[in-house]
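Trainee: In the numbering used here, the protein residues as written are -13 to 174.
Ideal Cβ positions, reconstructed from N, Cα and C, are used throughout, including at glycine.
I am attaching a structure below and will ask some questions about it afterwards.
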């Protein structure tokens, strides 16, 4: 670079600098633009993946919630509730399948395998509860809303949920939150 400036300043009494300096400035500007494009592309890809992984998590959680929703259906309109809940479940299933396919094509095989395992176990455990809930009478009182037996059964999914979240955190290089026990004995 110094040789370029020296050659430009000696020839034609400094006229060469009038050409070299704008070229150097343009090269620096071009490098800045290219660096910005690369960084923005990386950030956009990272954000897309973060949204994909979060959407997959949300779809699994929605599926789990159906175990409670079916028990809470309106007993006064069984036909209407079957249609309403089955349509909602169809949308959730579509969402789970979409995320399973998209996460399965993500470059991280570890996240994809953890998600597939989470979906498989959720369909097995929550799906079993959903099936059983259709065979039971809908709840009829406010004190039946909590359904601790369903919550206890769904706790079997916790290791698979943790495995998925841990893999996502590792892939996205997110430092895991330190877990602490609360007064109720649940992990935050």
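1. Between residue 108 and the rest of its own chain, which residues show a CB-CB distance below 7 angstroms, the 5 nearest in sequence each way excluded?
2. Could I get the ranges of all uninterrupted alpha helix (DSSP H) runs contained in the stretch 56 to 139, with 4 residues as the minimum, in chain order?
3. Between the C-alpha atoms of residue 71 and residue 159, what's the straight-line distance to the nearest angstrom?
4. Only counting the same chain, and skipping five residues up and downstream in sequence, which positions put a Cβ closer than 7 angstroms to that of residue 105?
5. Judging by CA-CA distance, which residue of 53, 136, 128, 139 is the nearest neighbour of residue 78?
6. If residue 35 sits next to residue 92, beta carbons under 8 angstroms apart, how far is it from one beta carbon to the other, in whole angstroms?
7. Is the distance from the Cβ of residue 94 to the Cβ of residue 157 below 8 angstroms?
8. Tell me the rounded alpha-carbon separation between residue 140 and residue 111.
9. Report all residues from its chain with a CB closer than 6 angstroms to the CB of residue 101; omit the five preceding and five following residues, and keep chain order.
Mentor: Well, looking at it:
1. 46, 49, 50, 143
2. 64 to 90, 95 to 121
3. 38 angstroms
4. 46, 82, 86
5. 53
6. 7 angstroms
7. yes
8. 7 angstroms
9. 42, 89, 150
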